[in-house]
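> Protein chains in written order, with this note's numbering: chain A, 111 to 222; chain B, 6 to 119.
Ideal placement from N, C-alpha and C gives every residue a C-beta, glycine not left out.
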């Protein structure tokens, strides 16, 4: 069955540093992959979408890469700020079922 | 431009009662998705609807659960004869196009079954 793995442990970094979050998937080949941010008690918020034919996508301080050979996506936040502290969810699209499959997320904590 | 709205935000039901969760998609969005989230778990897809049609309900339990998105009014997720295991956060999302596009989530309904 399809499986998505994100860093299960919280990621703690210092303000101003670059945060890198990993998303690995197995047993399917998504055509799209999305990243969302979720704050406690709130719904996820869409951040970026990357297609399988795109190696990299940027939006302000955010950068996403998509390596279909490694079956991995990396999510980077440069010049991180305490306000970036949240859980980040990876969601590849299963082309066979046309469904977004969400990972359990990685909790990022940016220390001032 | 209001975002996705869900109500109620919190719902407490006793075992055996019915729970009705409502979702109003963003203006102009005709695709609605329902997800369930348990603590320490990811969002689990339940059902995908367009106006008056269920497109995919493969993530929804066959019994006790139903969903609709009528021509007029909000989408409704209905859980009959709730059990303790139904306690979770239920999120609704909408999109202007198919699931390949970004989804806009509501604030969720937290259902507690006592």
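#1: Taking only beta-carbon atoms, is residue 33 of chain B less than 8 Å away from chain A?
#2: Sorted by chain position, which residues of the same chain lie with C-beta nearer than 7 Å to residue 196 of chain A's C-beta, five sequence neighbours on each side aside?
#3: Using only the alpha-carbon positions, how far apart do residue 221 of chain A and residue 129 of chain A sit?
#4: Hey, residue 187 of chain A and residue 114 of chain A: beta-carbon distance below 8 Å or not?
#5: Kindly list, in the order they appear in chain A, the residues whose Cβ is closer than 8 Å to that of residue 109 of chain B.
#6: Give a yes or no on whether 8 Å exceeds the smallest Cβ distance from residue 1 of chain B to chain A.
#7: By how many angstroms is the C-alpha of residue 170 of chain A removed from the C-alpha of residue 51 of chain B?
#8: Could you tell me which chain A residues have their CB closer than 8 Å to the CB of residue 46 of chain B, listed as they occur along the chain?
#9: Identify the residues that DSSP records as bridge partners of residue 93 of chain B: which are they?
#10: Residues of chain A with CB under 9 Å from residue 96 of chain B, in chain order?
#11: Here's the rule: buried if 16 or more other CB atoms are within 10 angstroms of the residue's CB, otherwise exposed. What is residue 103 of chain B?
#12: Is the CB-CB distance between residue 143 of chain A and residue 157 of chain A below 8 Å?
#13: At what residues does the beta strand (DSSP E) containing residue 212 of chain A begin and finish?
#14: So, for residue 107 of chain B: in the same chain, excluding its five sequence neighbours on each side, which residues have a beta-carbon less than 7 Å away from its beta-carbon?
#15: Decide if the stretch 13 to 28 of chain B is in contact with the stretch 40 to 48 of chain B; the criterion is three or more beta carbon pairs, one per stretch, under 8 Å apart.
#16: Out of A:111, A:119 and A:183, which has the shortest C-alpha to C-alpha gap to residue 216 of chain A?
#17: From residue 166 of chain A to residue 81 of chain B, what does the alpha carbon distance come to, in whole angstroms?
#18: What residue range does the beta strand (DSSP E) around residue 15 of chain B cover?
#19: Tell me, please, which residues DSSP counts as bridged to residue 142 of chain A.
#20: Between which two residues does the beta strand (DSSP E) containing residue 118 of chain A stretch?
#21: Any chance you could list the alpha helix (DSSP H) runs of at least 4 consecutive residues sitting entirely within the stretch 52 to 111 of chain B, in chain order?
#22: So, with DSSP's three-state summary, where would you put residue 150 of chain A?
#23: Under 8 Å between C-beta atoms, does residue 209 of chain A make it to chain B?
Concretely, from the data shown:
#1: no
#2: 147, 148, 149 and 218
#3: 12 Å
#4: no
#5: 156
#6: This structure leaves residue 1 of chain B out entirely; chain B is present only between 6 and 119.
#7: 33 Å
#8: 214
#9: B:116
#10: 153 and 154
#11: exposed
#12: no
#13: Note, residue 212 of chain A: premise wrong, no beta strand (DSSP E); not H, not E.
#14: 100
#15: no
#16: A:119
#17: 38 Å
#18: 15 to 18
#19: A:161
#20: Residue 118 of chain A -> no beta strand (DSSP E), and no H or E assigned at all.
#21: none
#22: coil
#23: yes
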